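Colleague: Questions regarding the structure given below will be posed in turn.
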Amino acid sequence: MSEPGEAARSAAELDALATRAAEAVDAERLVAWTRALVRIRSVVDPEAGTFERPAAEWVAATLREAGFDPVVTEVAPDRPNVICDWSGSGFDPERHRTLMFEGHSDVVTEGDRAAWSVDPFGGEVDDEGRLFGRGSADMKGGVAAAMAALCAVREVAPDLPGRIRLGIVVDEEGMMLGIKRFVEDGWADAVDGAIVCEPEQNELCLFQKGAMRLHVRAVGVMAHGAMPYAGVNPVRGLARFLMRTWELEQQEQQRLGEHPHLGLPWITPTVVRAPEGGEAQLNVMPGTAFQAIDVRTVPGQDHDALLAEITAAARATEAEFPGLALEIQRVESRPWTETPADDPLVRALEAAYPQVLGTPPRYGGVPGATDGTFLRAWANVPIVTVGPGDREIPHQVDEFVRISDLIASARLYAAAAIRYLGATNPVPT
Numbered sequence: 027m028s029e030p031g032e033a034a035r036s037a038a039e040l041d042a043l044a045t046r047a048a049e050a051v052d053a054e055r056l057v058a059w060t061r062a063l064v065r066i067r068s069v070v071d072p073e074a075g076t077f078e079r080p081a082a083e084w085v086a087a088t089l090r091e092a093g094f095d096p097v098v099t100e101v102a103p104d105r106p107n108v109i110c111d112w113s114g115s116g117f118d119p120e121r122h123r124t125l126m127f128e129g130h131s132d133v134v135t136e137g138d139r140a141a142w143s144v145d146p147f148g149g150e151v152d153d154e155g156r157l158f159g160r161g162s163a164d165m166k167g168g169v170a171a172a173m174a175a176l177c178a179v180r181e182v183a184p185d186l187p188g189r190i191r192l193g194i195v196v197d198e199e200g201m202m203l204g205i206k207r208f209v210e211d212g213w214a215d216a217v218d219g220a221i222v223c224e225p226e227q228n229e230l231c232l233f234q235k236g237a238m239r240l241h242v243r244a245v246g247v248m249a250h251g252a253m254p255y256a257g258v259n260p261v262r263g264l265a266r267f268l269m270r271t272w273e274l275e276q277q278e279q280q281r282l283g284e285h286p287h288l289g290l291p292w293i294t295p296t297v298v299r300a301p302e303g304g305e306a307q308l309n310v311m312p313g314t315a316f317q318a319i320d321v322r323t324v325p326g327q328d329h330d331a332l333l334a335e336i337t338a339a340a341r342a343t344e345a346e347f348p349g350l351a352l353e354i355q356r357v358e359s360r361p362w363t364e365t366p367a368d369d370p371l372v373r374a375l376e377a378a379y380p381q382v383l384g385t386p387p388r389y390g391g392v393p394g395a396t397d398g399t400f401l402r403a404w405a406n407v408p409i410v411t412v413g414p415g416d417r418e419i420p421h422q423v424d425e426f427v428r429i430s431d432l433i434a435s436a437r438l439y440a441a442a443a444i445r446y447l448g449a450t451n452p453v454p455t
């Protein structure tokens, strides 16, 4: 309920204001901002000395030019987060919501530049309205769309009883150090809901897969390839363990079935190496071997329980190969997330969707983890992932984002922010 004396906007007034906010998005500036960001090579490459700082500094400087007061916080050398708050004159932190727009400033490597048909950091636009470049979809387009939406909301609703917190963080493509620090430093404490602006074809994603990364070290006894009985072969042991994890994957898929938005869970071996390090020789049975496993989970799976089953598979393999030791290290655990369909943020986006895109809401699921994982898992912030760009285009050569999708995202963010933060939606007391 609104406080006594607070004039709540009617549904019609809120609808009209959301329309105005969407229309206030400056499309020309949005495209220019996206191109400028794409031209900054914010690949984390210590050998080349490149990090996110130039992109983060551009975001902070552009926000200052637009009249905001961003905060820059160092996560690691040359790796700063950018946080920017704006609140309407009617905002009371004790009674009103804070909505976060979340994005990241790092991009993956462009790889072999010769494989690209365009300059990967040129920000070129073709005749079909596609803006090319590494990070155009993942996710500098989303970052620029969030900035443009923030400007539009401020323009049309200066008295909005709510706050928008823009968080542009580092290291999403790595260990997600940026969002972890954001949460640890308390920036998520006051956030009531977050739009994660990742490329999801402008589908509303209420689910995202979890991720658990494992390192498996097999220790045997080195021997001559002609006399394998003189040692313990870690390669055979690791191969048997790999088959056991494959069987576990099949069991989990049969148990859970295919999630309507996330598909099947997976236990995927991604790296197999023997010996663990150093030179391999054809006639030498190595003493060690290494395997990396990328586990992708869905609702109904518990990471600790799954790790216990994988560990049991390791113990069974050791029993089968006397003298073999399998050491399992969990290097990261990112739980799957789910946002209730009746959460106010979901309702706000659903109401804004036909208003902006002209169609009923479309829904999807995030196949990988995002920064939203830790907003949800560590800070209990409801998240919806929605943004411009085809879901499968990130990390590919000739990455692009459609300008029409870019503009639609920014307008959706602006309209949803009005609905979520409007006077009819104070924080429950």
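Numbering follows this note's numbering, with no gaps: position 351 of the sequence shown is 377. For glycine and all other residues, C-beta sits at the position ideal for the given N, C-alpha and C. Being a predicted model, the structure only gives us computed values, none of them experimental.
Does D118 come out as helix, strand or coil in the three-state DSSP assignment?
Modeller: As a position in the sequence shown, residue 118 is number 92, starting the count at 1. Coil, per DSSP.
Colleague: Can you tell me whether E32 is helix, strand or coil according to DSSP?
Modeller: By 1-based counting over the sequence shown, the position of residue 32 is 6. Bear in mind that the predicted position of E32 carries a pLDDT of just 46, short of 50, making it unreliable; the figure below should be weighed with that in mind. If DSSP states are grouped into helix, strand and coil, E32 belongs with coil.
Colleague: Assuming C231 contacts T385 under a Cβ cut-off of 8 angstroms, what Cβ separation, rounded to an integer in Å, is found between them?
Modeller: Locating residue 231 in the sequence shown gives position 205, counting from the first residue. Locating residue 385 in the sequence shown gives position 359, counting from the first residue. About 16 angstroms separates the two Cβ atoms, so there is no contact after all.
Colleague: Report yes if the C-beta distance between Q291 and V324 is below 8 angstroms; otherwise report no.
Modeller: Taking the first residue of the sequence shown as 1, we reach residue 291 at position 265. Taking the first residue of the sequence shown as 1, we reach residue 324 at position 298. It should be noted that the sequence gives Pro, not Gln, for residue 291. Yes, these two residues count as a Cβ contact at 8 angstroms.
Colleague: So who's on the other strand from N107, going by DSSP bridges?
Modeller: As a first step, residue 107 must be located in the sequence shown, where it is residue number 81. In DSSP, N107 forms a bridge with T99.
Colleague: Can you tell me whether C223 is helix, strand or coil according to DSSP?
Modeller: Residue numbering aside, residue 223 sits at position 197 when the sequence shown is read from its first letter. If DSSP states are grouped into helix, strand and coil, C223 belongs with coil.
Colleague: Give me the Cα-Cα distance between G148 and F158, rounded to the nearest whole angstrom.
Modeller: As a working note, residue 148 is residue 122 in the sequence shown. As a working note, residue 158 is residue 132 in the sequence shown. Approximately 8 angstroms between the Cα atoms of the pair.
Colleague: By the three-class DSSP mapping on this structure, what secondary structure does H241 have?
Modeller: Residue numbering aside, residue 241 sits at position 215 when the sequence shown is read from its first letter. Looking at H241 - three-state DSSP - the assignment turns out to be strand.
Colleague: Are P106 and N228 touching if we call contact CB-CB under 8 angstroms?
Modeller: Sequence index remark: in the sequence shown, residue 106 carries index 80 (1-based). Sequence index remark: in the sequence shown, residue 228 carries index 202 (1-based). Not in contact: P106 and N228 (Cβ atoms no closer than 8 angstroms).
Colleague: Give the DSSP-derived three-state secondary structure of L383 in the structure shown.
Modeller: To locate residue 383, count along the sequence shown from 1; it is residue 357. DSSP places L383 in helix when its eight states are reduced to three.
Colleague: Report the option in R123, R239, G257 and M253 whose CA atom is closest to the CA atom of V247.
Modeller: Numbered from its first residue, the sequence shown carries residue 247 at position 221. Minimum Cα distance to V247 is reached at G257.
Colleague: Work out the CA separation of R402 and D41 for me, nearest whole Å.
Modeller: Taking the sequence shown and counting its residues from 1, one reaches residue 41 at position 15. Taking the sequence shown and counting its residues from 1, one reaches residue 402 at position 376. Answer to the nearest angstrom: the Cα atoms are 29 angstroms apart.
Colleague: By the 10 Å Cβ neighbour count, where 16 or more other Cβ atoms means buried, how is Y439 classified, buried or exposed?
Modeller: Within the sequence shown, numbered from 1, the residue matching residue 439 stands at position 413. So Y439 counts as buried.
Colleague: Can you name the start and end residues of the beta strand (DSSP E) that Q277 belongs to?
Modeller: Indexing the sequence shown from 1 puts residue 277 at position 251. Not the beta strand (DSSP E): Q277 falls in the alpha helix (DSSP H), residues P260 to L282.
Colleague: Assign G204 to one of two classes, buried (16 or more other C-beta atoms within 10 Å of its C-beta) or exposed (fewer than that).
Modeller: Working through the sequence shown from its first residue, we reach residue 204 at position 178. It is buried - the Cβ of G204 has at least 16 other Cβ atoms within 10 Å.
Colleague: First and last residue of the beta strand (DSSP E) that includes P25?
Modeller: Examination of residue 25 is not possible in this model, given that the chain is present from 27 through 455 alone.
Colleague: Compute the distance between the beta-carbons of P393 and L288, then report whether it is under 8 angstroms.
Modeller: Here residue 393 corresponds to residue number 367 of the sequence shown, with the count starting at 1. Here residue 288 corresponds to residue number 262 of the sequence shown, with the count starting at 1. Contact flag set, yes.
Colleague: Could you check if E136 is buried or exposed, using at least 16 other CB atoms within 10 Å of its CB as the buried criterion?
Modeller: By 1-based counting over the sequence shown, the position of residue 136 is 110. E136 is buried by the Cβ-count criterion.
Colleague: At what residue ranges does the stretch 342-421 contain a whole run of the alpha helix (DSSP H), taking only runs of 4 or more?
Modeller: If we require 4 residues or more, the alpha helix (DSSP H) runs fully inside the stretch 342-421 come out as 370-383 and 398-405.
Colleague: Starting from I319, follow its DSSP beta bridges and name the residues at the other end.
Modeller: As a first step, residue 319 is located in the sequence shown; it is residue number 293 there, counting from the start. The partner list for I319 (beta bridge, DSSP) reads L240 and P295.
Colleague: Looking at C-alpha atoms only, which residue of R428, A53, A443 and L56 is the closest neighbour of D153?
Modeller: Position 127 of the sequence shown holds residue 153. Looking at the Cα atoms, R428 is the closest of the given residues.
Colleague: Ignore the nearest five residues each way along the sequence and tell me which others in Q327's own chain have a CB closer than 8 angstroms to its CB.
Modeller: Here residue 327 is taken as the residue at index 301 of the sequence shown, counted from 1. Excluding positions up to five away in sequence, the list reads G236, E278, L282, P291 and W362.
Colleague: Is DSSP giving P454 helix, strand or coil here?
Modeller: Here residue 454 refers to the residue found at position 428 of the sequence shown. Model confidence at P454 stands at a pLDDT of 47, short of 50, so the residue's coordinates are unreliable and nothing is read from them.
Colleague: Determine, using beta carbons only, whether D104 and R65 come nearer to each other than 8 angstroms.
Modeller: Taking the sequence shown and counting its residues from 1, one reaches residue 104 at position 78. Taking the sequence shown and counting its residues from 1, one reaches residue 65 at position 39. No, the Cβ-Cβ distance between D104 and R65 is not below 8 angstroms.
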